[in-house]
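Heads up, the thing below is written out as structure tokens.
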Amino acid sequence: MKLILIDPEPPTPHGGGIRSYIQHAILFCLRNDWKPILYTHSPEVYSNCETFRIGRAPVAKRWSHFFIYRTNYLPNLILEQSNWIYQQLRNSVDSDTIVEFADYLGYGLYSLRNPALREQTILRVHTPSFLITGKGGSLLKWWHQRRIGKFEKECLSKAKQIVAPSSQFVQEKLPSITEHVHVPNFVPFPHKTKPLHFTGQNGLKPNFLYLGRLEMRKGVLVLLKAFFGLQRSHPEARLWLIGDQQDKPYLYQIQSLLQQYPRRMRGKVRFFPAMPRTRIERIIGYFNFLVIPSLWENSPYVFFEALRAKRVCITSDCGEMGKVQRELNGFISPPGNADALMTQMKKGIELGEAALQLIRKQENFLAERTRKTENQFSFYYKFILSQAKNPVGPSH
Numbered sequence: 005m006k007l008i009l010i011d012p013e014p015p016t017p018h019g020g021g022i023r024s025y026i027q028h029a030i031l032f033c034l035r036n037d038w039k040p041i042l043y044t045h046s047p048e049v050y051s052n053c054e055t056f057r058i059g060r061a062p063v064a065k066r067w068s069h070f071f072i073y074r075t076n077y078l079p080n081l082i083l084e085q086s087n088w089i090y091q092q093l094r095n096s097v098d099s100d101t102i103v104e105f106a107d108y109l110g111y112g113l114y115s116l117r118n119p120a121l122r123e124q125t126i127l128r129v130h131t132p133s134f135l136i137t138g139k140g141g142s143l144l145k146w147w148h149q150r151r152i153g154k155f156e157k158e159c160l161s162k163a164k165q166i167v168a169p170s171s172q173f174v175q176e177k178l179p180s181i182t183e184h185v186h187v188p189n190f191v192p193f194p195h196k197t198k199p200l201h202f203t204g205q206n207g208l209k210p211n212f213l214y215l216g217r218l219e220m221r222k223g224v225l226v227l228l229k230a231f232f233g234l235q236r237s238h239p240e241a242r243l244w245l246i247g248d249q250q251d252k253p254y255l256y257q258i259q260s261l262l263q264q265y266p267r268r269m270r271g272k273v274r275f276f277p278a279m280p281r282t283r284i285e286r287i288i289g290y291f292n293f294l295v296i297p298s299l300w301e302n303s304p305y306v307f308f309e310a311l312r313a314k315r316v317c318i319t320s321d322c323g324e325m326g327k328v329q330r331e332l333n334g335f336i337s338p339p340g341n342a343d344a345l346m347t348q349m350k351k352g353i354e355l356g357e358a359a360l361q362l363i364r365k366q367e368n369f370l371a372e373r374t375r376k377t378e379n380q381f382s383f384y385y386k387f388i389l390s391q392a393k394n395p396v397g398p399s400h
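Heads up: the sequence shown is residues 5 to 400, going by this note's numbering.
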């Protein structure tokens, strides 16, 4: 069997959940003697499979490449890249091939218009950009975002095989999807981990880590309010925030909040830019707690990476993350509630050596989740191949 994956993330070494998922999918294929092939903007990030840099195939006549075409450059660029991917797929997909797109940016637009190719194509729900793009900016930027959102929505409406790692996320954020298959994300592989850091009183050292974009849906303001409230009882607490800092209006809100507190409290908070995924495992090991205060979520990979790293996770109750936390009887709070989040952070510190029992529970959960998830992926891929009826060719 051959699995063709499309990585739509921009050409940077960092990447987010989509890239983490693809890297695990490649390893899954290799362990099962399947052939992974990847189309990506960053082939240098992947070293263990056949990769192709995404190109461009014109979708309009030459006369349109003037002012109007250039004014809508970003959406038209995505159209050209989507068309290029389609041209590659229709010449290389046979009866033993599965194609998997992310819903992000709508790169499956032309491929999903081909009825035969659609039979063998999976659209995996991550987080489409129309859910996360801001409302501000120029009129032209708004127009670009709206067009790209239309590409994504058409992909969601045309896809025959839709897979989601969180059914709750689909029901709440994408109600237009009436049918989907719930297949959780791959679980990160075991790796060498650091022990938890205890204080002299057998309490957990109150060092907290946030990994992710600094944007509204991630609940960073909620986390900062909870942390400053925690400092009243635990002035020794520390918080590091690592992630992309491109949402300028939201960064301004963060700065305004920080200025409301004295310097001695602000000094306990440190900000760092996004780092390559290869460094995440090592960074997590320096902290006892990973905090994910999102207002809404699908199935964040960093949560499972922290579980695998044997850290204590404090999260909001949303998406697959909230479902798992309830199974583990972990630390969860309602999304957007700073006081409840602060209470959970305080309980985490006071957990003491009982944290070791929670870690063992997490390890048992991950072992069972790994077995179930890989069986689900294997079964679902083979099921799709068995349902494919027509050879792939140009659409009519």
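All C-beta atoms, glycine included, are put in the ideal place defined by N, C-alpha and C.
Original post:
Mind checking F276: buried by the 16 CB within 10 Å criterion, or exposed?
Top reply: F276 should be labelled exposed.
Subject >> Length of the line joining the Cα atoms of Y77 and I363 >> reply: Across the structure, Y77 and I363 are spaced so that their CA atoms are roughly 49 Å apart.
Original post:
Counting only runs that start and end within the stretch 151 to 195, where is the alpha helix (DSSP H) found for 4 or more residues in a row?
Top reply: As far as the stretch 151 to 195 is concerned, its whole alpha helix (DSSP H) runs of at least 4 residues are 171 to 177.
Original post:
Taking Cβ to Cβ, would you say R128 is nearer than 9 Å to W88?
Top reply: In this structure, R128 lies away from W88, with their beta-carbon atoms at least 9 Å apart.
**OP:** Give the single residue among P132, T101, I258 and F291 whose Cα lies nearest to the Cα of K198.
**Re:** Selected option, being the one with the closest Cα: F291.
**OP:** Specify the secondary structure class of S51 as computed by DSSP and reduced to three states.
**Re:** Correct three-state label for S51: coil.
Original post:
Whose C-beta lies closer than 7 Å to the C-beta of K177 among residues of the same chain, with five residues either side of it excluded?
Top reply: Within its own chain, the residues whose Cβ lies closer than 7 Å to the Cβ of K177, once the five positions on either side in sequence are excluded, are L135 and W300, listed in chain order.
**OP:** State yes or no: is the C-beta of R232 within less than 9 Å of the C-beta of Y254?
**Re:** In the sequence as displayed, the identity of residue 232 is Phe instead of Arg. For F232 and Y254, no; Cβs fall outside 9 Å.
**OP:** Under 7 Å Cβ to Cβ from V174, same chain only, skipping five residues before and after it: list those, please.
**Re:** Excluding sequence neighbours, V174 sits near V129, A168, I181 and H184.
Subject >> Stretch pair the stretch 312 to 332 + the stretch 240 to 248: three plus CB contacts closer than 8 Å >> reply: The stretch 312 to 332, when compared against the stretch 240 to 248, does not touch it at the 8 Å Cβ threshold.
Original post:
Would you call Y305 buried or exposed, if buried means 16 or more other Cβ atoms sit within 10 Å of its Cβ?
Top reply: So Y305 ends up on the buried side.
Original post:
Just the Cα atoms here: how many angstroms apart are L144 and R23?
Top reply: Going from the Cα of L144 to the Cα of R23 covers about 29 Å.
Original post:
I think G207 touches I353, with their Cβ atoms under 8 Å apart; what is that distance to the nearest whole Å?
Top reply: Their Cβ separation, rounded to whole angstroms, is 6 Å, which keeps G207 and I353 in contact under 8 Å.
**OP:** Can you have a look at F381 and say buried or exposed, based on whether 16 or more other CB atoms are within 10 angstroms of its CB?
**Re:** Within 10 angstroms of the beta-carbon of F381 lie 16 or more other beta-carbons, which makes it buried.
Subject >> For E219, the three-state DSSP class (helix, strand or coil) >> reply: Correct three-state label for E219: coil.
Subject >> Buried or exposed (CB count within 10 angstroms, at least 16 for buried), A342 >> reply: Answer is buried; the Cβ neighbour count reaches 16.
Original post:
Smallest Cα separation from A358: which of D11, L200 and I102?
Top reply: Ranking D11, L200 and I102 by CA distance to the CA of A358 puts L200 first.
**OP:** Within the same chain, show all residues whose beta-carbon is closer than 6 Å to that of H400, passing over the 5 residues directly before and after it, in chain order.
**Re:** Summary for H400: the model assigns pLDDT 31, below 50, so the residue's position carries little reliability, and this model does not support an answer.
**OP:** Leaving out five residues on either side along the sequence, give the residues of the same chain with a beta carbon under 6 Å from the beta carbon of P40.
**Re:** If we look at P40 and ignore the five residues flanking it on each side, its Cβ neighbours are L7, I30, C33 and C53.
Subject >> Straight-line Cα distance separating L262 from N368 >> reply: When rounded, the distance between both Cα atoms is 40 Å.
**OP:** Can you have a look at A371 and say buried or exposed, based on whether 16 or more other CB atoms are within 10 angstroms of its CB?
**Re:** Flag for A371 reads exposed.
**OP:** Would you kindly work out how many angstroms separate the C-alpha atoms of G397 and G323, rounded to a whole number?
**Re:** Confidence in G397 is poor, its pLDDT being 48 and thus under 50, which makes the residue's placement too unreliable to answer from.
Subject >> Within 9 Å, strictly: CB atoms of R217 and A278 >> reply: Yes, they are a contact pair.
Subject >> CA-to-CA distance, L225 to I258, given in whole angstroms >> reply: Their Cα atoms are separated by approximately 6 Å.
**OP:** Thinking Y43 and I58 are a contact (beta carbons under 8 Å), I'd like their distance in whole angstroms, please.
**Re:** Right, their Cβ atoms sit about 5 Å apart.
**OP:** Provide the residue(s) that pair with L7 in DSSP beta bridges, ordered along the chain.
**Re:** Beta-bridge pairing links L7 to P40 and I102.
Original post:
What is the DSSP secondary structure of G397, counted as helix, strand or coil?
Top reply: Here G397 scores only 48 on pLDDT, less than 50, and its place in the model should not be relied on; the value that follows carries that caveat. In the structure shown, G397 sits in coil (DSSP, three-state: anything other than H, G, I, E or B).
Original post:
Nearest CA to the CA of P194: which residue from V295, S86 and R286?
Top reply: When C-alpha distances from P194 are compared across V295, S86 and R286, the shortest belongs to R286.
**OP:** To the nearest angstrom, report how far apart P132 and Q361 are at their CA atoms.
**Re:** Annotation: P132 to Q361 spans about 37 Å, alpha carbon to alpha carbon.
Original post:
Taking the continuous alpha helix (DSSP H) assigned at R35, which residues delimit it?
Top reply: For R35, the uninterrupted alpha helix (DSSP H) run begins and ends at G21 to R35, by DSSP.
Subject >> Straight-line gap, G20 to S99 (C-alpha atoms, nearest Å) >> reply: Going by the C-alpha atoms only, they are around 31 Å apart.
Original post:
Going by DSSP, which residues form a beta bridge with C317?
Top reply: C317 is bridged to L294.
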